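Peer 1: Numbering (numbering that gives the first Met the number 0), first residue to last: 0 to 678. The beta carbon of each residue, even a glycine, is placed where N, CA and C say it ideally should be. Keep in mind it's a predicted model, so treat the numbers as computed, not measured. There's a structure below that I have some questions on.
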Amino acid sequence: MDIKSIKGVGPKTLKVLNSIGIYSTSDMLYYFPRGYEDRNNKKTVDKLIDGENAVVNVEVSLIMRCKRTRTGKSINRIVFKDDTGYLTGVWFNKPYMSKTFKIGENIILYGTIKINNGEIEIIEPQYEKIKSEEYNGIIPIYPLSKNITQNALRKISNQCINSVNEDIKECLPIELKKRYELEDIDYAIKNIHFPESFDALNKSIRRVKFDELLKLQLALFLIKNQYENDKTAYKINPCPQIPKLIESLPYKLTNSQKNAVDEVIQDLNKNKAMNRLVQGDVGSGKTIIAIIALFDCAMNGIQCAMMAPTEILAQQNYESIKKVLQKWDLNIQMLSGSTSKKDKDDILMKLKNGEINIIVGTHSLIQDDIEFKNLGLVITDEQHRFGVRQRSNLAAKGHNPHVLVMTATPIPRTLALFIYGDMDISIINELPPGRQKVDTYFVRPSLRDRIYKFLKKQIDEGRQGYVICPMVSENGDLDVSSVEQMAVFLKNNYFRNYKIGVIHGKLNYKEKEKIMKDFYNKKIQVLVSTTVVEVGINVPNATVMVVEDADRFGLAQLHQLRGRVGRGIYKSYCILIGDPKTSEGLERMKIMVMTNDGFKIAEKDMEIRGTGEFFGLKQHGLPELKLADPIKDIDILKDTREAAKYLIESKKICDDEFKILREETEKILYEKKDDININ
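Here it is in structure tokens:
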């Protein structure tokens with residue numbers, strides 16, 4: 000039902016509601032409060048304590064004139080009272096506050112109490128005008144825009160709950176609700192908006208979280224089943240020369256690398272398409288797993304494509320593959336935006352007739368004008384996973400390729416099963432022998448001089464280093480300024496006779512590529528950059544990573560940046576320069592210094608930022624969650640995974656009693672653009 004059918008929703012209110020994503024009564028029902036005000040625990044003025052946050056129910060007693068300080072700051076004081084005493088509300092730089100209240104109005108105030116010489120103040124309090132019938136109970140606090148009040152939204156919410164029952168559909172039968180001790184969904188949603196008690200609220204929230212996670216788990220299981228039931232992939236017989244290839248490597252594989260290789264080879268030896276995620280920390284050696292998979296398929300006469308997010312990384316992958324497989328007679332080519340038309344036409348022709356065994360490039364490799372003779376393996380990165388639709392596009396050309404996805408984002412295994420539940424997972428949790436541990440230090444800006452003198456000493460010894468500046472603006476204008484200013488500062492004060500390279504978001508690809516190549520070839524000693532330094536770029540001679548204003552970066556970002564050094568035989572260092580203004584910023588610095596373990600860092604990052612922000616669920620093809628958080632709700636996640644598996648394997652999901660659950664799961668599959676029907 001359209002939200003404008005609700006009493007009190009006129010054109011102005013409708014516009015405001017639309018701006019916060021509320022178009023229908025169903026949207027309102029699932030627009031949950033961000034918190035609650037317990038009016039059962041209000042304090043009287045005489046019981047207030049200095050420094051506490053408190054809720055008080057008071058009446059406007061006196062509206063004082065707005066005053067200004069010598070610096071021009073405005074101060075508004077409004078006196079409130081209850082039966083036990085007087086309380087002064089204080090607002091800074093809000094001159095309109097004196098016109099907000101009227102003498103005698105009943106007001107709820109929430110804020111920090113300050114007591115000076117017996118005078119009680121409440122500083123910058125949140126406030127709400129109330130009617131006598133609204134005094135008691137647990138009151139919802141909604142996320143709002145400026146043009147609507149809490150009271151107005153509560154009234155709209157209450158009307159939706161009382162008049163629109165058809166929008167709340169029960170998707171779980173009694174059997175499942177009993178097994179997992181879940182209440183009815185209509186009661187749960189009503190109780191989340193207007194709770195009877197906090198205990199009842201927690202049970203209602205659990206029910207909605209269960210529904211959210213169950214539908215996602217079902218969707219992922221169904222996608223996985225679709226892959227497993229499709230038996231049209233090339234079956235790759237394990238190449239007998241794989242052991243010889245592994246022996247030819249200048250290093251020994253770690254146990255986790257060996258396990259990953261075994262899992263990939265077993266997948267390729269089936270006529271159902273592989274759909275595997277190789278998950279490993281920075282520098283754990285994922286690329287060699289990809290190369291062995293390419294080798295296995297190519298030696299069986301099956302074409303392979305390896306795709307990277309940028310041309311720089313594609314070039315690096317191409318060179319690595321050529322180097323490792325140089326002893327075998329395989330045609331390995333690279334196709335990129337800088338490939339000449341003549342060479343591109345030649346490559347396209349040879350791909351079509353099967354002369355090229357392995358092609359490396361960006362994701363343009365799956366464009367319509369590129370045809371393969373017998374594409375059997377696609378290796379891609381985490382940001383460009385193949386859904387069923389992309390597979391069907393390739394299948395239309397006569398291919399159902401095996402897919403191997405590489406990710407450098409460490410994720411706890413239970414959570415990985417949620418994010419990548421439609422995939423099999425290989426985890427590489429060891430660093431290759433000889434891989435240097437990077438020493439990490441956090442220093443205040445006052446020590447900057449010592450840091451750059453240390454970097455100069457490293458460069459004098461033949462090494463190279465990065466200096467990273469934070470991104471200051473989305474359009475990149477200030478990024479250019481900050482990076483170029485830093486380069487000038489370094490040149491004038493420390494590196495007068497050295498070559499400094501500068502990379503920022505305003506450079507085009509060819510400019511960035513030239514600078515990165517010059518850095519790789521040691522023509523540049525210091526690279527000053529924003530975070531456009533590509534993940535995966537491998538410069539073994541770089542030993543120092545200096546990050547300016549490090550407290551402005553997320554943990555995962557800092558860990559990826561640290562992974563740019565320590566890739567060679569030399570001792571390496573990551574130095575974080577910052578002056579954190581928050582406890583959260585300082586905590587990030589401490590975590591980086593304490594551990595190099597990407598899995599631990601990822602867990603901490605998710606705790607600090609929340610799972611949704613950390614992953615960006617939409618980039619993984621998953622809908623945003625209203626209430627559930629896979630990190631905090633790990634027990635519910637396990638229950639829903641168990642329930643989803645049971646419903647799929649028992650085929651109960653096809654029963655009539657699960658019709659609504661099926662339909663809502665199909666909506667998620669549609670949003671993921673995966674064309675699967677449940678039947």
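So LEU454 and GLY461 are in contact, right, with Cβ under 8 Å, and what is the actual spacing, rounded?
Peer 2: The sequence position of residue 454 within the sequence shown is 455, counting from 1. The sequence position of residue 461 within the sequence shown is 462, counting from 1. Actually they do not touch by this definition, with Cβ atoms about 13 Å apart.
Peer 1: So, at 6 Å on beta carbons, what are the nonlocal neighbours of LEU616 in its own chain, with the 5 sequence-adjacent residues on each side left out?
Peer 2: Position 617 of the sequence shown, counting from 1, holds the residue named residue 616. For LEU616, the predicted model reports a pLDDT of 46, less than 50, meaning its position is unreliable and no value from the coordinates is stated.
Peer 1: ILE652 and LEU217 look like a contact to me (Cβ under 8 Å); what is the Cβ gap, rounded to whole Å?
Peer 2: Counting from one through the sequence shown, the residue named residue 652 turns up at place 653. Counting from one through the sequence shown, the residue named residue 217 turns up at place 218. Right, their Cβ atoms sit about 7 Å apart.
Peer 1: Whose C-beta lies closer than 7 Å to the C-beta of HIS619 among residues of the same chain, with five residues either side of it excluded?
Peer 2: Taking the sequence shown and counting its residues from 1, the one referred to as residue 619 is at position 620. Confidence at HIS619 is low in this model, with a pLDDT of 49, below 50, so the placement of that residue should be treated as unreliable; the coordinate-derived value is given next. Around HIS619: ILE418.
Peer 1: For PRO124, name the three-state secondary structure that DSSP assigns.
Peer 2: Working through the sequence shown from its first residue, we reach residue 124 at position 125. If DSSP states are grouped into helix, strand and coil, PRO124 belongs with the strands.
Peer 1: If we count the other Cβ atoms within 10 Å of its Cβ and call it buried at 16 or more, is TYR22 buried or exposed?
Peer 2: Within the sequence shown, numbered from 1, the residue matching residue 22 stands at position 23. Answer is exposed; the Cβ neighbour count stays below 16.
Peer 1: So, for ILE437: in the same chain, excluding its five sequence neighbours on each side, which residues have a beta-carbon less than 7 Å away from its beta-carbon?
Peer 2: Here residue 437 is taken as the residue at index 438 of the sequence shown, counted from 1. Per the sequence presented here, residue 437 reads as Val, with Ile not at that position. Excluding sequence neighbours, VAL437 sits near ARG561, VAL564, GLY565, SER571, TYR572, CYS573, ASN595.
Peer 1: Ends of the alpha helix (DSSP H) at THR639?
Peer 2: The count along the sequence shown starts at 1 and reaches residue 639 at position 640. Looking at the DSSP string, the run of the alpha helix (DSSP H) that includes THR639 is 633–648.
Peer 1: So ASN52 packs on ILE107, CB below 8 Å; how close in whole Å?
Peer 2: The sequence position of residue 52 within the sequence shown is 53, counting from 1. The sequence position of residue 107 within the sequence shown is 108, counting from 1. Actually they are not in contact, since the Cβ atoms of ASN52 and ILE107 sit about 13 Å apart, beyond 8 Å.
Peer 1: Where does ASN492 land, buried or exposed, given buried means 16+ other C-beta within 10 angstroms?
Peer 2: The count along the sequence shown starts at 1 and reaches residue 492 at position 493. Looking at its Cβ environment, which holds fewer than 16 other Cβ atoms inside 10 Å, ASN492 is exposed.
Peer 1: Quick check on DSSP: helix, strand or coil for CYS238?
Peer 2: Along the sequence shown, one-based indexing puts residue 238 at 239. Three-state result, CYS238: coil.
Peer 1: Can you tell me where the beta strand (DSSP E) with ILE62 in it begins and where it stops?
Peer 2: Translated into positions along the sequence shown, residue 62 becomes position 63. 52–62 is the span of the beta strand (DSSP E), which, as asked, contains ILE62.
Peer 1: My output table needs one value for PRO94: the three-state DSSP class, helix, strand or coil.
Peer 2: Here residue 94 corresponds to residue number 95 of the sequence shown, with the count starting at 1. Of the three classes helix, strand and coil, the one that applies to PRO94 here is helix, per DSSP.
Peer 1: Using the three-state DSSP reduction, which class does GLN216 fall into: helix, strand or coil?
Peer 2: The sequence position of residue 216 within the sequence shown is 217, counting from 1. Residue state, collapsed to three classes: helix.
Peer 1: So, helix, strand or coil for LEU181, using DSSP?
Peer 2: For this step, residue 181 is matched to residue 182 along the sequence shown. In the structure shown, LEU181 sits in coil (DSSP, three-state: anything other than H, G, I, E or B).
Peer 1: Count the other CB atoms within 10 Å of the CB of MET348; is the residue buried (16 or more) or exposed (fewer)?
Peer 2: Counted from its first residue, the sequence shown places residue 348 at position 349. Exposed: under 16 other Cβ atoms inside 10 Å.
Peer 1: Output needed for VAL15: all residues of its chain with C-beta closer than 8 Å, excluding positions within five of it in sequence on either side, in chain order.
Peer 2: Locating residue 15 in the sequence shown gives position 16, counting from the first residue. Excluding positions up to five away in sequence, the list reads SER144, ASN146, ILE147.
Peer 1: In terms of alpha-carbon separation, which member of ILE188, CYS170, GLU665 lies closest to CYS159?
Peer 2: Here the question's residue 159 lines up with position 160 in the sequence shown. Closest option to CYS159, Cα to Cα, is ILE188.
Peer 1: If you count every other CB in all the chains shown that lies within 10 Å of the CB of LEU197, and 16 or more means buried, which is it?
Peer 2: Against the sequence shown, residue 197 aligns to sequence position 198. Per the sequence shown, residue 197 should be read as Phe rather than Leu. Exposed, by the Cβ-count rule.
Peer 1: If you draw a straight line from the C-alpha of GLN123 to the C-alpha of TYR109, how long is it?
Peer 2: Here residue 123 refers to the residue found at position 124 when the sequence shown is read from its first residue. Here residue 109 refers to the residue found at position 110 when the sequence shown is read from its first residue. In the sequence under discussion, the amino acid at residue 123 is Glu, which differs from the Gln named in the question. Their backbone Cα atoms lie some 9 Å apart in a straight line.
Peer 1: Leaving aside the five residues before and after ILE355 along the sequence, list all residues of the same chain whose C-beta is less than 6 Å from its C-beta, in chain order.
Peer 2: The count along the sequence shown starts at 1 and reaches residue 355 at position 356. Around ILE355: ASN330, GLN332, LYS349.
Peer 1: How would you label LEU668, buried or exposed, when you count the other beta carbons within 10 angstroms and need 16 or more for buried?
Peer 2: Locating residue 668 in the sequence shown gives position 669, counting from the first residue. Buried, because 16 or more other Cβ atoms sit within 10 Å of the Cβ of LEU668.
Peer 1: Kindly list the residues whose CB is nearer than 6 Å to the CB of ILE659, restricted to its own chain and excluding five residues on each side of it in sequence; keep chain order.
Peer 2: Residue 659 sits at position 660 when you count from the first residue of the sequence shown. Within the same chain, ILE659 has close Cβ partners LYS168, CYS170.
Peer 1: GLN524: which of VAL78, ILE514, TYR497 sits nearest, CA to CA?
Peer 2: Within the sequence shown, the letter at position 525 stands for residue 524. Closest option to GLN524, Cα to Cα, is TYR497.
Peer 1: Could you pull out every residue in the same chain whose Cβ sits closer than 6 Å to the Cβ of ASP185, ignoring the five residues on either side in sequence?
Peer 2: Residue 185 sits at position 186 when you count from the first residue of the sequence shown. Excluding sequence neighbours, ASP185 sits near ILE167.
Peer 1: For LYS214 and LYS269, which I take to be in contact (beta-carbon distance under 8 Å), what is that distance rounded to the nearest angstrom?
Peer 2: Mapped onto the sequence shown, residue 214 falls at position 215. Mapped onto the sequence shown, residue 269 falls at position 270. Not a contact, Cβ separation roughly 29 Å.
Peer 1: Mapping DSSP to helix, strand and coil, what is TYR233?
Peer 2: For the purposes of this step, residue 233 is identified with residue 234 of the sequence shown, where counting begins at 1. Three-state DSSP puts TYR233 in coil, outside helix and strand.
Peer 1: Mind checking whether VAL281 and ALA407 have CB atoms under 8 Å apart?
Peer 2: If you number the sequence shown from 1, residue 281 lands on position 282. If you number the sequence shown from 1, residue 407 lands on position 408. The answer is yes: Cβ separation under 8 Å.
Peer 1: Fully enclosed by the stretch 408–465, which alpha helix (DSSP H) runs are 4 residues long or longer?
Peer 2: Listed in chain order, the complete alpha helix (DSSP H) runs (minimum 4 residues) inside the stretch 408–465 are 412–418, 447–459.
Peer 1: When the Cβ atoms of the stretch 111–122 are set against those of the stretch 75–89, are three or more pairs found closer than 8 Å?
Peer 2: Contact between the stretch 111–122 and the stretch 75–89 is present, because at least three Cβ pairs lie under 8 Å.
Peer 1: Leaving out five residues on either side along the sequence, give the residues of the same chain with a beta carbon under 8 Å from the beta carbon of TYR29.
Peer 2: Taking the sequence shown and counting its residues from 1, one reaches residue 29 at position 30. Taken in chain order, the residues that qualify are ILE188, LYS625.
Peer 1: Compute every distance between the C-beta of ILE173 and the non-hydrogen atoms of the ligand PLP, then say whether any falls below 7 Å.
Peer 2: No copy of the ligand PLP appears in this structure; indeed no ligand is present at all.
Peer 1: If we ignore side chains and look at the alpha-carbon of each, how far apart do ARG661 and LEU312 end up?
Peer 2: Reading the sequence shown from its first residue, position 662 is the one you call residue 661. Reading the sequence shown from its first residue, position 313 is the one you call residue 312. C-alpha separation (whole angstroms): 41 Å.
Peer 1: Taking the C-alpha atoms as reference points, what is the distance between LEU252 and LYS603?
Peer 2: Taking the sequence shown and counting its residues from 1, one reaches residue 252 at position 253. Taking the sequence shown and counting its residues from 1, one reaches residue 603 at position 604. Going from the Cα of LEU252 to the Cα of LYS603 covers about 29 Å.
Peer 1: Classify SER445 as buried or exposed, calling it buried when 16 or more other Cβ atoms lie within 10 Å of its own Cβ.
Peer 2: Position 446 of the sequence shown holds residue 445. That one is exposed.
Peer 1: Using beta-carbon positions only, say whether LYS372 and LYS343 come within less than 8 Å of one another.
Peer 2: Locating residue 372 in the sequence shown gives position 373, where the first residue counts as 1. Locating residue 343 in the sequence shown gives position 344, where the first residue counts as 1. It is not a contact, given that the beta carbons lie outside the stated cut-off.
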